[in-house]
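Contents: one structure, followed by commentary.
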Amino acid sequence: MEYLMLLGGLAGLFFGGESLVRGSVGIARKLSMSSLLIGLTVVGFGTSTPELLVSMDAALRGVPDIALGNVIGSNIANILLIVGVSAVVWPIAVSGGTLGRDTAVMLGAAVVLVPFFALGDLGRVAGGFMFAALIGYLVFAYRQSRSEPASSTDLPEAVSNVWLSIVWVVAGLAMLMVGAHYLVEGAVTIARTFGVSEAFIGLTIVAVGTSLPELATSLIAALKKQSEIAIGNIIGSNIFNILGILGLTAVVSPIPVADRFLMFDLPVMIAVSIGLTLMLRRPQIGRIPGIIMLVLYAGYVWAAQ
């Protein structure tokens with residue numbers, strides 16, 4: 001039964017995320033929001049909603065290792081697994097002036113976790129600071145980029161009818177909430193049955209499961225040879241995961257931080273974030289670096305046990 005709950009939860013997160021993003025983009029376009037603003041807010045929050053609901057559900061259920069592992073593991077998977085797979089499908093060409101700024105924010109968000117984790121507890125004040133930083137980043141990014149030409153080709157397919165869009169949003173949220181509940185329930189049961197740590201389950205199965213919307217978006221972008229969208233989706237998601245999801249979760253329910261996150265998983269996340277930043281200085285991320293990233297991810301999963 002726990003495996004059915006896990007699989008059902010993963011399916012709910014995938015289809016719920018797709019439904020939420022499509023419906024939200026349809027509503028945003030009806031409200032004449034710019035493509036840039038839709039990308040920064042609707043799509044960014046939409047693909048990160050599974051992580052948010054899973055982390056909140058886990059924190060409220062008293063399993064903080066899954067709440068933290070979900071976010072840290074998702075960010076590591078986003079870089080090593082999803083960027084790796086996308087680069088293998090189609091080499092990622094790198095260009096665009098905003099990438100430098102956004103990767104700097106991604107790195108800063110990762111590094112700011114070090115003192116918070118060292119205290120052994122991610123409290124409400126720290127969570128509020130992180131969420132305020134996310135709002136500041138969105139406002140700054142919007143003001144800096146509103147003079148740039150906006151294109152709608154990089155956005156997910158929208159639903160044309162506004163009422164149908166609302167139905168898609170409501171259905172997506174419902175699937176996400178149910179999926180998050182059963183994913184956490186199944187993951188905790190499996191971890192306790194086999195004596196695997198909840199942190200490991202959160203860092204791997206749960207993290208990859210909640211990253212399915214990012215995986216789908218990046219793979220579609222790679223197949224369409226829209227490489228900037230593939231990489232931009234990952235950078236934006238990693239920023240949202242740390243500042244938005246951990247921030248909001250900590251505000252709702254303070255999160256105790258186990259030593260392993262400070263000593264192992266957080267340094268890995270910072271290291272792969274630095275690695276991605278350095279790779280983005282090259283003209284492209286080719287298939288060989290993509291394969292190396294996939295091998296490194298397999299090594300991380302093995303070491304995370």
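The sequence shown begins at 1 in UniProt numbering and counts up by one.
Using N, Cα and C, we set each Cβ at its ideal position, and we do this for glycine too.
Taking C-beta atoms as the reference points, residue 241 and residue 214 fail to come closer than 7 Å. The alpha carbon of residue 239 has as its nearest neighbour, out of 296, 201, 137 and 144, the alpha carbon of 137.
Under the DSSP assignment, residue 293 falls in the alpha helix (DSSP H) whose first and last residues are 287 to 304. Cβ atoms of residue 19 and residue 168 come within 8 Å of each other, at about 5 Å.
The DSSP-derived three-state label of residue 213 is helix. Check the Cα spacing between residue 303 and each of 111, 268 and 285: the tightest is with 268.
For the 7 Å CB-CB criterion, residue 185 and residue 65 do not form a contact.
Across the structure, residue 111 and residue 262 are spaced so that their CA atoms are roughly 11 Å apart.
The alpha-carbon of residue 108 is positioned some 14 Å away from that of residue 276. For the options 231, 183, 250 and 123, the alpha carbon positioned closest to that of residue 90 is the one of 231.
Residue 75: member of the alpha helix (DSSP H) spanning 64 to 76, first to last residue. Cβ atoms of residue 86 and residue 219 come within 8 Å of each other, at about 6 Å.
Residue 4 sits exposed, since fewer than 16 C-beta atoms from the chains shown fall within 10 Å of its C-beta. Taking the CA atoms as reference points, residue 117 sits about 19 Å from residue 134. Membership of residue 250 in the alpha helix (DSSP H) is indicated by the continuous run 247 to 252. Relative to residue 27, the option among 285, 194, 161 and 278 whose CA is nearest is 161. Rounded to whole angstroms, the gap between the alpha carbons of residue 202 and residue 281 is 32 Å.
Residue 7 is bridged by DSSP to nothing; it lacks a bridge partner. Nearest neighbour of residue 128 by Cα position, chosen from 174, 284 and 254, turns out to be 254.
Judged by their CB atoms, residue 67 and residue 189 are not nearer to each other than the 7 Å cut-off. In this structure residue 247 is in contact with residue 130, their Cβ atoms being roughly 3 Å apart against a cut-off of 8 Å. Within the DSSP secondary-structure output, residue 266 pairs in no beta bridge. In this structure, the beta-carbon distance from residue 207 to residue 77 falls below 7 Å. Apart from the 5 residues on each side of it in sequence, residue 272 sits with its Cβ closer than 7 Å to the Cβ of 76, 79 and 80 in its chain, given in chain order. Taking the CA atoms as reference points, residue 296 sits about 10 Å from residue 289. Inter-residue distance for residue 177 and residue 53 is about 7 Å (C-alpha atoms, whole angstroms).
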